[in-house]
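Accompanying notes for the structure given below.
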Amino acid sequence: MTDSERTQINQYIEQIAQGSYTAIDSLAQMVSGRMLSVALSVVRNRALAEDVVQDSFLRILSKAATFRKGTNGYAWICKIVHNTALNALRRERRFRALNYDDLPFLSDDCPTEDNLVAAAAVQQAIKELTEREKQLIYQKYFMEFTVRDSARATGISKSEVQRTVARAEAKLKASLTVG
Numbered sequence: 001m002t003d004s005e006r007t008q009i010n011q012y013i014e015q016i017a018q019g020s021y022t023a024i025d026s027l028a029q030m031v032s033g034r035m036l037s038v039a040l041s042v043v044r045n046r047a048l049a050e051d052v053v054q055d056s057f058l059r060i061l062s063k064a065a066t067f068r069k070g071t072n073g074y075a076w077i078c079k080i081v082h083n084t085a086l087n088a089l090r091r092e093r094r095f096r097a098l099n100y101d102d103l104p105f106l107s108d109d110c111p112t113e114d115n116l117v118a119a120a121a122v123q124q125a126i127k128e129l130t131e132r133e134k135q136l137i138y139q140k141y142f143m144e145f146t147v148r149d150s151a152r153a154t155g156i157s158k159s160e161v162q163r164t165v166a167r168a169e170a171k172l173k174a175s176l177t178v179g
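Numbering (the UniProt record's numbering), first residue to last: 1 to 179.
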């Protein structure tokens, strides 16, 4: 990004703070693609990332008056997008329970006796996990989060994510091992 683009972004933010709605359109044309990239890097879901960008523009509108002149407006916008994306992940995590339909042998239309036994064993093993362990296992295996993604979404360190996932996997393995 060039210095002139940064200067233009700062001017747009200052104009938005003064109530200019045309400045928000100009700002959107200039940085919405980059905002989407930032959001995607956090949420890894295009539809959710697009929602994050829209929410970020609303935050920019409401917070433009707090922008300090002479600072990096683009970095300020990226920080808003990043924080909005993390909040979206937290909201999604809060309302998303472990979905047993994601496990094929649990949602089989014609369950066999073996499938029913396996389903009961998995359900019991999952019940024995702590909420944090359930959350991190879900993020790893169903949302395909990296350790870094989980750390960002939960607010815990990467090493703690790794230890918790390893502990949860060991518990599941011990619970599901026959004999």
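Virtual Cβ for every residue (Gly too), placed ideally from N, Cα, C.
Any alpha helix (DSSP H) of 4 or more consecutive residues that is wholly inside the UniProt domain "RNA polymerase sigma-70 region 2" (31–94): Within the UniProt domain "RNA polymerase sigma-70 region 2" (31–94), the complete alpha helix (DSSP H) runs of at least 4 residues are 46–63.
Cβ shell of residue 6 (< 8 Å), same chain only, five flanking positions each side left out: 72, 73, 74
Cβ pair residue 56, residue 30 closer than 8 Å: no
Terminal residues of the alpha helix (DSSP H) in which residue 176 lies: 158–176
Any non-hydrogen atom of the ligand COA closer than 7 Å to residue 80 Cβ: Absence of the ligand COA is noted for the structure shown, with no ligands found whatsoever.
Cβ contact (3+ pairs, closer than 8 Å) linking the region 6–18 and the region 73–90: Counting Cβ pairs under 8 Å, three or more are found: they touch.
Cβ shell of residue 64 (< 6 Å), same chain only, five flanking positions each side left out: Only 13, 16, 17 meet the Cβ criterion.
Delimiting residues of the alpha helix (DSSP H) encompassing residue 5: 3–17
Beta carbon of residue 153 nearer than 8 Å to that of residue 139: yes
Proximal residues to residue 163 (C-beta, below 8 Å), its chain only, five neighbours per side dropped: If we look at residue 163 and ignore the five residues flanking it on each side, it has no Cβ neighbours.
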